[in-house]
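I have placed the structure first, in the form of structure tokens, so that the comments after it can refer back to it.
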Amino acid sequence: MEEQLAAVLSDADQLQAAPLAPGSPPFAAMGSGTMSEQEIRRREKEQFVSGLTGTSMEEVHRVMLVAVFSYLALKLTIHQFGHGSSYLVRVPRPIRWLLEFAFLFAVPNAAVLWPDVLAHRATLCAAFGLLVAVTFPRPGSLARMPPSPAQMKEWARQLNDRIKPAVTVYRALMMSLTCFAILAVDFHVFPRRFAKTEVFGTSLMDLGVGCFVFSQGLTVGLKQGSTAASPPSVWSSIRRGWPLWLLGLGRVISVKGLDYQEHVSEYGVHWNFFFTLAALGPIVVFLDRWVRWSDAPMAAMLLIDYEVLLAKGLQHYVLTAPRTNLISANREGLASLFGYVAIFLAARHVGRTLASPLPTVSAWRRLLWRTLAPQIALTAAALWVASTAFHTDVSRRLCNAPFVLWTVVVNAGMVALLVLVDAVVFTDSATAAAEVADAVNANGLVVFLGANLATGTVNMVMDTLRVPDATAVAVLVAYMGSVVLVALGMSRMRWIVKF
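Quick note on this note's numbering: the sequence shown kicks off at 80 and runs consecutively.
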């Protein structure tokens, strides 16, 4: 593994420049006299996100926990305004939007930029909400449990609803962190250790790619439930995914045509994440039609088979082979499909588990502790065995077993904790799900596409490597605010774009 890593990083080491300080002039390495200023800046930006090794799993977990505590603080804050029509009447809609934006978007994203300040003190978010709840208790708050029988019935109905508040918030949080990171990574204010790793290692952005796939699988599992419906044909699945294929093709053309910076070792020369999302559907449909195993065993067997292939030479090929044809040019994207399909199947298993109706709130708490928690612990144990006993490092580029297991553990744990918040803190149907989160999820792919376009626009009109941190933060706040406002506007006008 060390030899392969050295071979992969050798070119990056030769091209690696010293870190650029905000306001510094363009460097003149690589013969600036023969290159345009645009070409120089493109190479600088490519080097800025190349050759990175990431951070520890523990630091990534602390940042993710901030999002859970922020959701808890939001629900406890809502308690203090009262329930249902009382909350809607007493709190103007713009203030409700600002509250939700602050707790579900601003605080988690701020923890990414300043992890030493926020991520290490994530419990402060929960402590603040608990302090407010205890100091100013209202009917239905934690300080006056249990709720009335009618409230308990409504509470159980919420948890059994196919569109669960916790899952809505989870998907919005993942979209928020993803959209934020794809632009923030181009500024110096974004910690380099959270950017995508070159070959092996763990980072927040590495996890974000897996989170996006997990979110899709979770949603499919919740929709399908425990019933085994007849899967569509593979060709039908390919046709249904035409918008994603088109978006992937459009990204290839725009990146090549505009000479936009790209990190080829992520997915390949032509492949990109839109193609990965488009390919997942047909592959999963094929497995459903011809393998007919349940999701968890199928994901496990797929991972084992993939690890065998990696050990037999596929890993060496993916990391070191020359790009001489269409397949070798896009080998990272093609090979990583094994791992992403496994993530999707594991997420669908979690979704189907949560889709099963239960009669009481207590039954939901038992489901979390007796079913989901042991499964997450078993997956974490498998991750430990793969990383420690077999000395296999996490690699997003390969999407190998440790990366898949880590992604599943973090995301399943996040979902379980958010559902636990809903199973501990009651808010009635009028305030159960955040309006901002609903709006972002209603047009999730449009929001993601818009964020990508906005990221490209900012990079074309601004030299992000020489922007002071204060300016970068202002740009990021305006960017995230615009993303949320567009989503809210589409939701208010009932513009729902289905793919």
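Backbone N, C-alpha and C fix where the C-beta goes; we use that ideal spot for every residue, glycine too.
When DSSP labels each residue in this structure, what does residue i get in the three-state scheme?
| i | result |
| --- | --- |
| Gly568 | helix |
| Lys243 | coil |
| Ala400 | coil |
| Ala274 | coil |
| Ile575 | coil |
| Val264 | coil |
| Ser316 | helix |
| Asp384 | helix |
| Asp501 | helix |
| Gly102 | Model confidence at Gly102 stands at a pLDDT of 46, short of 50, so the residue's coordinates are unreliable and nothing is read from them. |
| Val563 | helix |
| Pro311 | coil |
| Met143 | helix |
| Ala553 | helix |
| Asp517 | helix |
| Asn522 | coil |
| Thr471 | coil |
| Asn490 | helix |
| Asp367 | helix |
| His395 | helix |
| Phe477 | Here residue 477 turns out to be Leu, not Phe, going by the sequence shown. Here Leu477 sits in coil by DSSP. |
| Tyr558 | helix |
What is the rounded straight-line gap between the Cα of residue i and the Cα of residue j?
| i | j | result |
| --- | --- | --- |
| Gln295 | Phe353 | 13 Å |
| Gln93 | Arg402 | In this predicted model, Gln93 has a pLDDT of only 39, less than 50, meaning its place in the structure is not dependable; the value taken from the coordinates is given anyway. When rounded, the distance between both Cα atoms is 19 Å. |
| Val489 | Tyr249 | 12 Å |
| Thr298 | Ile119 | 43 Å |
| Ala513 | Trp443 | 21 Å |
| Met541 | Lys124 | 12 Å |
| Gly133 | Ala400 | 24 Å |
| Pro310 | Ile362 | 12 Å |
| Ala274 | Val264 | 6 Å |
| Lys302 | Arg241 | 7 Å |
| Gln237 | Thr439 | 11 Å |
| Arg330 | Ser441 | 48 Å |
| Gly289 | Pro453 | 21 Å |
| Asp374 | Pro244 | 24 Å |
| Val429 | Ala491 | 7 Å |
| Met493 | Phe293 | 11 Å |
| Trp369 | Met377 | 12 Å |
| His267 | Leu286 | 20 Å |
| Gln394 | Cys258 | 30 Å |
| Leu177 | Ile575 | 23 Å |
| Leu447 | Leu382 | 25 Å |
| Asp384 | Gly392 | 13 Å |
| Gly568 | Leu328 | 28 Å |
| Leu544 | Phe182 | 29 Å |
| Arg445 | Ala557 | 42 Å |
Which partner residues of residue i appear in the DSSP bridge assignment?
| i | result |
| --- | --- |
| Thr281 | Thr134 |
What residue from the options has the CA that sits closest to residue i's CA?
| i | options | result |
| --- | --- | --- |
| Val278 | Arg573, Arg476 and Met569 | Arg476 |
| Pro322 | Asp240, Leu528 and Val554 | Leu528 |
| Arg449 | Val563, Asn409, Leu433 and Ser135 | Leu433 |
| Phe579 | Val563, Pro270, Val576 and Trp463 | Nothing can be reported for residue 579, as the shown portion of the chain is limited to 80 through 578. |
| Val334 | Arg319, Asn351, Arg318 and Trp324 | Asn351 |
| Val191 | Arg573, Met572, Val552 and Ile575 | Val552 |
| Tyr346 | Trp234, Ala566 and Arg410 | Arg410 |
| Phe365 | Asn239, Val420, Ile383 and Leu462 | Val420 |
| Val147 | Val526, Gly412 and Val500 | Val500 |
| Asp517 | Trp485, Ala566 and Val556 | Ala566 |
| Leu151 | Met572, Val503, Met559 and Val576 | Val503 |
| Glu386 | Leu416, Pro244, Gly360 and Ser373 | Leu416 |
| Val313 | Val292, Ile332 and Ala357 | Ala357 |
| Glu138 | Ser282, Ala189 and Leu262 | Ser282 |
| Glu341 | Val128, Met572 and Arg573 | Val128 |
| Leu388 | Cys478, Gly320, Leu462 and Asp367 | Cys478 |
| Arg319 | Ile455, Leu359 and Leu382 | Leu359 |
| Asn520 | Leu462, Arg573, Val142 and Leu155 | Arg573 |
| Ala530 | Phe482, Ala235, Thr550 and Ser561 | Ser561 |
Just checking my contact of residue i with residue j at CB under 8 Å: how many whole Å lie between their CB atoms?
| i | j | result |
| --- | --- | --- |
| Ile157 | Thr536 | Ile157 to Thr536, Cβ: 36 Å. No contact. |
| Gly523 | Met254 | 6 Å |
| Glu179 | Leu153 | 7 Å |
| Gly300 | Ala426 | 7 Å |
| Ser149 | Pro187 | 6 Å |
| Leu36 | Ala495 | This structure does not reach residue 36, given that the chain is present from 80 up to 578, and the question cannot be answered. |
| Val397 | Ala379 | Contact doesn't hold; Cβ gap of about 22 Å is too wide. |
| Ala480 | Ala465 | 5 Å |
| Leu555 | Leu262 | 7 Å |
For residue i, decide whether its Cβ has a neighbour in chain B, counting only Cβ atoms nearer than 8 Å.
| i | result |
| --- | --- |
| Pro436 | Going by chain labels, chain B is absent from the structure shown, which holds only one protein chain. |
Measuring from the CB of residue i, is there a heavy atom of the ligand FAD at a distance below 7 Å?
| i | result |
| --- | --- |
| Pro438 | As presented, the structure is devoid of all ligands, the ligand FAD included, so that no description of it is given. |
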